[in-house]
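A short worksheet on the structure shown next.
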Amino acid sequence: MAQRIGQISRFNITALALGMAFLYLPIVILVIYSFNASRLVTVWGGWSLRWYHEFFNDRAMLDAAWMSLRVAAVSASIATLLGTLAAVGLVRGERFRGRSLFSGMLYAPLVMPEVISGLSLLLLFVALNAERGFWTVTIAHTTLTMCFVTVVVQSRLAALDRSLEEAAMDLGCDPLQAFLRVTLPLIVPAIAAGWMLAFTLSLDDVVIASFTTGPGSATLPIRIYSEVRLGVKPEINAICTMVIALIAVVIVIASLASKLSSSDGKSAAPL
Amino acid sequence: MSARRIFARPARYAAVAPYVWMGLFFLVPFGFVLKISLSQTAIAQPPYLPLFDVTEGWAAIKAAFAQLSLDNFRLLASDNLYISSYLRSLVVAVTATLILLLIGYPVAYGMARLPQRWQAIAMMLVIVPFWTSFLIRIYAWINILQHDGLLNQILLALHLVSAPVVWLSTDTAMYIGIVYSYLPFMILPLYATLAKMDPSLLEAAGDLGASPLRAFWLVTFPLSLPGVGAGALLCFIPVVGEFVIPDLLAGSGSMMIGQTLWLEFFTNKDWPVAAAAAVALLVLLVPPLLLYDRLQRRELEGGR
Chain A
1 MAQRIGQISR FNITALALGM AFLYLPIVIL VIYSFNASRL VTVWGGWSLR WYHEFFNDRA
61 MLDAAWMSLR VAAVSASIAT LLGTLAAVGL VRGERFRGRS LFSGMLYAPL VMPEVISGLS
121 LLLLFVALNA ERGFWTVTIA HTTLTMCFVT VVVQSRLAAL DRSLEEAAMD LGCDPLQAFL
181 RVTLPLIVPA IAAGWMLAFT LSLDDVVIAS FTTGPGSATL PIRIYSEVRL GVKPEINAIC
241 TMVIALIAVV IVIASLASKL SSSDGKSAAP L
Chain B
1001 MSARRIFARP ARYAAVAPYV WMGLFFLVPF GFVLKISLSQ TAIAQPPYLP LFDVTEGWAA
1061 IKAAFAQLSL DNFRLLASDN LYISSYLRSL VVAVTATLIL LLIGYPVAYG MARLPQRWQA
1121 IAMMLVIVPF WTSFLIRIYA WINILQHDGL LNQILLALHL VSAPVVWLST DTAMYIGIVY
1181 SYLPFMILPL YATLAKMDPS LLEAAGDLGA SPLRAFWLVT FPLSLPGVGA GALLCFIPVV
1241 GEFVIPDLLA GSGSMMIGQT LWLEFFTNKD WPVAAAAAVA LLVLLVPPLL LYDRLQRREL
1301 EGGR
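As structure tokens, this is what we get:
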């Protein structure tokens, strides 16, 4: 009798293990080396927090980190508000004029190369004579990330049973009340996941921020990027490890949020 | 009138604010790119001279239209730098997509064969790197690939090579970086189609005498083609315009179109040509985008 098809085989396990190792090993190595005492990135000189200390004494890096955190928090909040509204409009609004243009505009930035989005926004800001800095980067990040929020909230909203809203309206709610009291609580985890996705995407972006920021207001990725171009510095390992730790916390919160609120407790994935 | 209809009306107004935002910050900027790509180089020289002032009114806009020219596109078409970066973008994107398929398919296949509980965990593990900073993941590879980096240390220790191999600033490093960054984008759609597949189809093929390999080739693979297409396009489209990865990992020999655009903009400060390169890049992306859209639509209809 031939081996049963569809069972997990040694080949499957090997492929999976190699794939996961490929995805995680570089990050693990980076984190380990951030605690390296040696100035030479490749020579192990024992465990040390030296490079973390260095970061907290680096004024320019700290300013950039602060700028990045503010941009990420503000743009993620605006993006979540707009993205949720867009998802509600698309899923519950049925047909309205220009709907396909609207959904097209919301999908395009997901696949559009960042150089194009960045360049086009900069040309707009220049034409409007807007002073470039915090707000132009925030607007640019909002535009990009609200599309991701829309996708996340939209899929949750589409999976929701409409009869719940209809029942609420039968019981005397007006549509807005039905939405606020019944639908909104049910999609809160998706909204939270959307916010966190927008936050991490903004914290990560080099290209669009480079185009839309002004002199003297660089974000952390722009700083890291310009340092990395000049070669590896152990301080960057420490900064990167802290960013990874921050994002890890965000992911854990996001998956806990979606686990707690999904009725079956099954969907642990943040997306 | 059903409750559904009543609800539709206010929900429509929810779209107004995001609609206006996207129009203002997504659609309008493209108008500017188009406009500037059609204008003369001299006008747009920094220090950031606006091409026309909105406050000057309609006459100024009309005057600006009169200056439109196709010179920048002629320059793009005649200069080898642009044509070669255009072609290189295509070659890199196709090659990277093929490598991604070769690596991503077995991983997605392995995931789909796991017990249900483990599938959720594996999926989580694939998604997490997607959340982890993209720049940091590229930087992690620079640590590994540099001259006295970990990879060379291991190779030397194992006596596989006698002298350190140059990895950084080569196409190999660039492909490693691209494959590494885009692997989750390839695995997830592949996994989605493979996990949906009915295992009884494979059992039937086995009962009819097909070997596991034959059953895979005749049943599983054809059925997973929508996932293959979606994954391939999801990787191909953004890789074409990639800037950061080739800039940090590839050699300075030849550039991709995203890099050319960046160079024109930031180094040569030739905005009209940069804008024209952006339009050209967009044109390059329209056919794959349309294909992706069609695939998505077919998938949605098939799912019903």
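So the protein sequences, as listed, match chains A and B. 208 is the number that this note's numbering gives to position 208 of the first sequence; each next residue is one higher, with no gaps. Add 1000 to a position in the second sequence, counting from 1, and you land on the number used in this note's numbering. Idealized CB from N, CA, C, for every residue including glycine.
{"Asked": "Could you work out which residues of chain C lie near residue 229(A), taking near to mean beta carbons separated by less than 8 Å?", "Found": "Considering every chain present, this structure includes no chain C. Its protein chains are A and B."}
{"Asked": "Tell me, please, which residues DSSP counts as bridged to residue 47(A).", "Found": "36(A)"}
{"Asked": "So, using beta-carbon positions, are residue 1256(B) and residue 1272(B) closer together than 8 Å?", "Found": "no"}
{"Asked": "Could you please give the first and the last residue of the uninterrupted alpha helix (DSSP H) stretch that includes residue 1196(B)?", "Found": "1171-1196"}
{"Asked": "Taking only beta-carbon atoms, is residue 1109(B) less than 8 Å away from chain A?", "Found": "yes"}
{"Asked": "Given that a residue counts as buried once 16 or more other Cβ atoms are within 10 Å of its Cβ, and exposed if not, what is residue 200(A)?", "Found": "buried"}
{"Asked": "What do you reckon, are the CB atoms on residue 207(A) and residue 88(A) nearer than 8 Å?", "Found": "no"}
{"Asked": "In terms of alpha-carbon separation, which member of 28(A), 72(A), 188(A), 180(A) lies closest to residue 1150(B)?", "Found": "28(A)"}
{"Asked": "Using the beta-carbon of each residue, which ones in chain B are nearer than 8 Å to residue 187(A)?", "Found": "In chain order: nothing, as chain B lies at least about 13 Å away."}
{"Asked": "Against residue 1073(B), what residues of chain A qualify as contacts under a CB-to-CB distance less than 8 Å, listed in chain order?", "Found": "Ordered by position in chain A, no residue passes the 8 Å Cβ test against residue 1073(B), which lies about 16 Å from the chain."}
{"Asked": "Taking a Cβ distance cut-off of 9 Å, strictly less, list which residues of the region 72-97 of chain A are near chain B, in chain order.", "Found": "78, 81, 82, 83, 84, 85, 86, 87, 88, 89, 90, 91, 92, 93, 94, 95, 96"}
{"Asked": "Would you identify the three-state DSSP class for residue 96(A), choosing helix, strand or coil?", "Found": "coil"}
{"Asked": "Report buried or exposed for residue 1133(B), applying the criterion of at least 16 other Cβ atoms within 10 angstroms of its Cβ.", "Found": "buried"}
{"Asked": "Using CA atoms only, rank isn't needed, just tell me which of 243(A), 18(A), 255(A), 256(A) is closest to residue 30(A).", "Found": "243(A)"}
{"Asked": "DSSP three-state label for residue 1123(B), please.", "Found": "helix"}
{"Asked": "Does the beta carbon of residue 102(A) sit closer than 8 Å to a beta carbon anywhere in chain B?", "Found": "yes"}
{"Asked": "For residue 213(A), which of helix, strand or coil comes out of DSSP?", "Found": "coil"}
{"Asked": "Roughly how many angstroms separate the alpha carbons of residue 1078(B) and residue 15(A), rounded to a whole number?", "Found": "47 Å"}
{"Asked": "If we count the other Cβ atoms within 10 Å of its Cβ and call it buried at 16 or more, is residue 237(A) buried or exposed?", "Found": "buried"}
{"Asked": "What's the gap between the Cα of residue 149(A) and the Cα of residue 60(A)?", "Found": "31 Å"}
{"Asked": "By Cβ distance below 8 Å, which residues in the same chain neighbour residue 1169(B) in space, the five residues on each side in sequence not counted?", "Found": "1249, 1250, 1251, 1252"}
{"Asked": "Is there a Cβ from chain B that is less than 8 Å from the Cβ of residue 143(A)?", "Found": "yes"}
{"Asked": "Check the Cβ-Cβ distances between residue 1047(B) and every residue of chain A, and say whether any is below 8 Å.", "Found": "Bear in mind that a pLDDT of 37 at residue 1047(B), under 50, signals an unreliable position, so the number given afterwards is only what the model happens to contain. It does not; no Cβ of chain A falls within 8 Å."}
{"Asked": "Between which two residues does the alpha helix (DSSP H) harbouring residue 173(A) extend?", "Found": "Taken as a continuous stretch (DSSP letters only), residue 173(A) belongs to no alpha helix (DSSP H), as it is neither H nor E."}
{"Asked": "In chain B, which residues lie less than 8 Å from residue 23(A) when you measure between Cβ atoms?", "Found": "1125, 1126, 1129, 1180, 1183, 1184"}
{"Asked": "Return no unless some Cβ of chain B is closer than 8 Å to the Cβ of residue 36(A).", "Found": "no"}
{"Asked": "Please state whether DSSP places residue 226(A) in a helix, a strand or coil.", "Found": "helix"}
{"Asked": "For residue 131(A), does the count of other Cβ atoms within 10 angstroms reach 16, so buried, or fall short, so exposed?", "Found": "exposed"}
{"Asked": "With respect to the alpha helix (DSSP H) encompassing residue 148(A), which residues constitute its N-terminal and C-terminal limits?", "Found": "134-159"}
{"Asked": "Using the C-alpha atoms, what's the distance from residue 1104(B) back to residue 52(A)?", "Found": "36 Å"}
{"Asked": "Check the Cβ of residue 1244(B) against every Cβ in chain A and list those closer than 8 Å, keeping chain order.", "Found": "206, 207, 225"}
{"Asked": "Measure the alpha-carbon distance for residue 1044(B) versus residue 56(A) and round it to whole angstroms.", "Found": "At residue 1044(B) the pLDDT is 46, less than 50, meaning the model places this residue with poor confidence and gives no usable figure here."}
{"Asked": "Using beta-carbon positions only, say whether residue 154(A) and residue 250(A) come within less than 8 Å of one another.", "Found": "no"}
{"Asked": "So with CB distances below 7 Å, who are the chain B contacts of residue 200(A)?", "Found": "1131"}
{"Asked": "Could you tell me which whole alpha helix (DSSP H) segments of length 4 or greater appear in the region 1127-1152 of chain B?", "Found": "1134-1145"}
{"Asked": "Classify residue 1146(B) as buried or exposed, calling it buried when 16 or more other Cβ atoms lie within 10 Å of its own Cβ.", "Found": "buried"}
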